[in-house]
Amino acid sequence: MEWALTLAAFVIGGVFGYVSHTLLAKNNHHKSNNEQLEQTQLELSQYKQEVSDHFDDHYKQLAELSAQLSKVNQQWNDAAPLFTSPITDKKLPELTTKSLESTDKAALIKAPAVKEDNVKEQSPEAA
Numbered sequence: 001m002e003w004a005l006t007l008a009a010f011v012i013g014g015v016f017g018y019v020s021h022t023l024l025a026k027n028n029h030h031k032s033n034n035e036q037l038e039q040t041q042l043e044l045s046q047y048k049q050e051v052s053d054h055f056d057d058h059y060k061q062l063a064e065l066s067a068q069l070s071k072v073n074q075q076w077n078d079a080a081p082l083f084t085s086p087i088t089d090k091k092l093p094e095l096t097t098k099s100l101e102s103t104d105k106a107a108l109i110k111a112p113a114v115k116e117d118n119v120k121e122q123s124p125e126a127a
């Protein structure tokens, strides 16, 4: 009878040890997953901020370039009559830049719109 009680206590202790080990390992695994998730979210937010800063810098450079190009075009338009005859009075277009809001920037990043106002399509018959 003593052997039966000893064997039963050993089996119950083994089952209790297995269950407690499984629960503790699950909690530790859950904690490590949460830590990895937080670390990954932090890295993603840092990368997102870097990309946003990158696009802001490029937008500023593009605005500066557009302003310089408009200035050169204006100088060309002012100086062109001095070098050409009055018959050829063709002026270069002036570029305008406007400040974009954050929602407009996101839309510009996703799908930049290209407008061609002064281009006329020719039909195949006219060619």
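Under UniProt numbering, the residues of the sequence shown are numbered 1 to 127, in order.
Note that beta-carbon positions come from the ideal geometry of N, C-alpha and C, so glycine has one too.
Because the structure is a prediction, the values reported are computed rather than measured.
Is it right to say residue i is buried, meaning 16 or more other beta carbons lie within 10 angstroms of its own, or is it exposed?
| i | result |
| --- | --- |
| Trp3 | exposed |
Spatial neighbours of residue i within its chain, please: CB distance less than 7 Å, with the 5 preceding and 5 following residues excluded, ordered by chain position.
| i | result |
| --- | --- |
| Thr97 | Ala63, Ser66, Ala67 |
| Glu94 | Ser70, Asn73, Gln74 |
Please list, in chain order, all residues of the same chain as residue i whose beta carbon is under 8 Å from its beta carbon, the five residues on each side excluded.
| i | result |
| --- | --- |
| Thr6 | none |
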